[in-house]
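Let me begin by presenting the structure, written as structure tokens, before commenting on it.
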Amino acid sequence: MDIPKLTIPEIQKGLRTRQFSAVELAGEALRFAQAENPKTNAYLIFSEERAQAAARRVDEQLARGEEPGPLAGVPAAVKDVIVTKGLRTTCGSRLLEHFIPPYDATAVTRLEQAGGVIIGKTNCDEFAMGSSNENSAYGPVRNPAALDRVPGGSSGGSAAVVAQGTAVVSLGSDTGGSIRQPASFCGAVGVTPTYGRVSRYGLVAFASSLDHIGPFSRTVHESALLLNTIAGRDPLDATSAFAPVPDYRESLDQGVRGLRIGLPKEYFAGLASDSGGQIHKGIELLKKLGCEFAEVSLPHTEYAVPCYYIICTAEASSNLARYDGIRYTMRSKNATTLSEAYRKTRGEGFGAECKRRIMLGTYVLSAGYYDAYYLKAQRVRALIAQDFRNVFQNVDALITPVSPFPAFKLGEKLDDPLQMYLSDIYTITGDLAGVPCMSVPCGKTSEGLPVGMQILTKHFDEPGMFRVAAAFERAGGFEV
Amino acid sequence: MKLTEEEVRYVADLANLELSAAEIARMAKDLDSILTHIDKLNKLDVSQVEPMAQVLYEAEETATLSADVAGPTYDSATATSNAPLAGGGFFKVPKVIER
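So the sequences go chain by chain: A and B.
Count along the first sequence from 1, then add 1111; that gives the number in my numbering.
Count along the second sequence from 1, then add 66; that gives the number in my numbering.
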């Protein structure tokens, strides 16, 4: 078994031809992941017992002649903001260091019902707030492609384990780019599905009108397969969509001849030349495959960053109010009154970025400022969403960069939160509009750093998005 | 400055967040640069635009209402299992009313 390069089809064949058992595979995958982890710090917690139990179920089903599911035996990792019953879930925060959830997230339940084997929880920015994974209370993740650089964030660990080969697939969460940006920095496929496509039950809430769960993998096919299993209506999440879930694999072989693809001009100004060069190579390749390109405009793009940082911080300040020193594991030892228990626990427990966002969110929601900030941002958000509806009347998909630059050095942008926020410009618009979007590898810069190309389609058109991604992958686009 | 240190202290109080003097100074500076950037939105006249309060909702208004049937729930020991201080099935808190 070549653990770091294993694919889901190889695993299915190996299990069904008795080359190896799921228990053997889980053991090998865990040993490899534990040995490699010190290089990147991508895993926070390994779940040997849970993995062995899941693998045993698969082996027993196979022995009985039953079908164990499309992800049978597949070693998978889960971002540590997604709760796992009986398995510590820290959200990258000191506050939840000892938090043991009493239930599983729906995406986790579905992944395991499909035969998936969860081998560990991955590092991330505290409560998924950050673009570099440097805001984790448990130390940053290092990028497997360049160990002195960040893996991106906030799902840095979930991107790194797939790129490093210490998991075959992983789950992440995306609020402003937290799946696509780390996927692009690490050279993985990362998918943010339509808002509501995947249940958020059990995803620790950051900004509820923007939060998504989505897959990471090394191939398009594997992300499509993972999304097949986790997507769909869930009565436990009232915002989950009723729309039926198609088999996303069916779109993969359709080819792209004649597809109309838009290039939003606002996304190509101010692009670091190396990354921009790679995206243009990717576009040339899609042209050769028969796509028709047109320049389009999303005129409210320049307002996306301020709009996003009002809405996400306002929602975060409200969602994070629950960490009050009463219910969740940590209470300040220095508190004697109830009010002190709240204030000191939060002051001691939250890291700098969480505090900044709680403060900004509280400010924009406070008396006298609500109309000027939050309500205004919601109006601007409507314009940004309308931009996408307009443009998708004329094109089938959009191609854009994921990030203005490739992975940067650890510590390089830590002191300037505004600069860090501005780097989210190409990814936050998709979240604000709620459209599906993904990052696929698009070669490397001259320094050898991975570049990601973003594909966006209209609401619920994941099949169209995967169709472009798969054609690009088949034509060698990942190494363009 | 858009935000004085006094205002930062006021907002921190609203958020039930204890900040050190150094954190307050840093927060005033960081929030100032972010709020200055946010001022960009003032270039837009959005008075006639409906606020987007719902991202996507393609179903009937009552589609997400569940049947009024009791389902399984947690016992109090499970529900309080993560509390820093619990007992007798309750969350324990410091005294709320001081005499």
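From the three backbone atoms N, C-alpha and C, an ideal C-beta is built for every residue, glycine too.
This structure is a prediction, so every number in the text was calculated from the model and none was measured.
Cβ neighbours of V1506/A in the same chain (closer than 8 Å, five flanking residues each side left out): Hits under 8 Å: R1371, I1372, G1373, A1405 and V1407.
Bridge partners of Y1154/A, per DSSP? T1233/A
Using a Cβ-Cβ distance under 7 Å, would G1197/A count as near chain B? no
Kindly indicate which three-state DSSP category H1323/A falls into: helix, strand or coil? strand
Please report the residue range of the beta strand (DSSP E) in which T1303/A lies. V1300 to T1303
Report, in whole angstroms, the separation of the C-beta atoms of D1385/A and S1534/A, which I expect to be a contact under 8 Å. 15 Å between Cβ atoms; not a contact.
Nearest chain B C-beta to I1437/A closer than 7 Å, yes or no? yes
In chain A, what lies closer than 7 Å to A125/B by C-beta? F1353
Return the chain-ordered list of same chain residues with a C-beta closer than 7 Å to the C-beta of R1167/A, the five sequence neighbours on each side being excluded. These residues qualify, in order along the chain: V1134.
Short CB-CB distance (under 7 Å) between K68/B and chain A: no
So which residues of chain B does Y1420/A contact, with C-beta pairs closer than 9 Å? Ordered by position in chain B, the residues that pass the 9 Å Cβ test against Y1420/A are I100, H103 and I104.
Assuming F1317/A and G1263/A form a contact by the criterion Cβ under 8 Å, report the distance between their Cβ atoms to the nearest whole angstrom. The pair is not a contact, with the Cβ atoms about 17 Å apart (cut-off 8 Å).
is_contact[I1193/A, chain B] using C-beta, thresh 7 Å: Chain B, which has no Cβ nearer than 7 Å to the Cβ of I1193/A, makes this no.
E84/B CB to nearest chain A CB: under 7 Å? yes
Near-chain B residues of the region 1480–1498 of chain A (beta-carbon distance less than 8 Å), N- to C-terminal order: Y1484, L1486, K1487, A1488, Q1489, R1490, V1491, R1492, A1493, L1494 and A1496
Every unbroken alpha helix (DSSP H) inside the region 1305–1392 of chain A [4 residues or more]: 1331–1341
Here's the rule: buried if 16 or more other CB atoms are within 10 angstroms of the residue's CB, otherwise exposed. What is R1578/A? buried
Element boundaries [alpha helix (DSSP H), containing L1126/A]: I1119 to R1127
Could you check the C-alpha separation between P1251/A and R1308/A for me, to the nearest Å? 30 Å
Unbroken stretches of the alpha helix (DSSP H), 4 residues or longer, contained in the region 97–143 of chain B: none
E1403/A, DSSP secondary structure in three states: strand
Strictly by DSSP, which residues pair up with T1511/A? Q1565/A
Contact criterion: CB-CB distance below 7 Å. Does S1320/A meet it with respect to chain B? yes
Evaluate the contact criterion for the region 1142–1162 of chain A versus the region 1228–1239 of chain A: three or more CB pairs, one atom per stretch, below 8 Å. yes
Examine the ligand MN and report whether any of its heavy atoms sits within less than 6 Å of the Cβ of A1349/A. Ligands displayed in this structure: none; no statement on the ligand MN is therefore possible.
Chain A contact for A133/B (CB, 7 Å cutoff): no
Which residues in the same chain have their Cβ closer than 7 Å to the Cβ of Y1306/A, if we skip the five residues on either side of it in sequence? H1323 and G1545
In whole angstroms, what separates the C-alpha of I1341/A from that of T1217/A? 8 Å
Chain-ordered chain B contacts of R1442/A [CB-CB under 8 Å]: P150 and L151
So, is S1514/A buried or exposed, given that buried needs 16 or more other C-beta atoms within 10 angstroms? buried
Where R1129/A falls, given that 16 or more other Cβ within 10 Å makes a residue buried: exposed
At a cut of 8 Å, does the region 1467–1476 of chain A reach the region 1424–1438 of chain A through at least three beta carbon pairs? yes
Per-residue burial, G153/B [other beta carbons within 10 Å of its own, 16 or more giving buried]: exposed
Counting along the chain, where does the alpha helix (DSSP H) carrying A1188/A start and finish? Where A1188/A is concerned, there is no enclosing alpha helix (DSSP H), although the beta strand (DSSP E) it sits in stretches over P1186 to K1190.
Measure from the alpha carbon of P138/B to the alpha carbon of each residue in L1347/A, P1149/A, L1486/A and K1116/A, then state which is nearest. Looking from the CA of P138/B, the closest CA among L1347/A, P1149/A, L1486/A and K1116/A belongs to L1347/A.
Flag this pair as touching only if the region 1514–1528 of chain A and the region 1474–1484 of chain A have three or more C-beta atom pairs under 8 Å; answer yes or no. no
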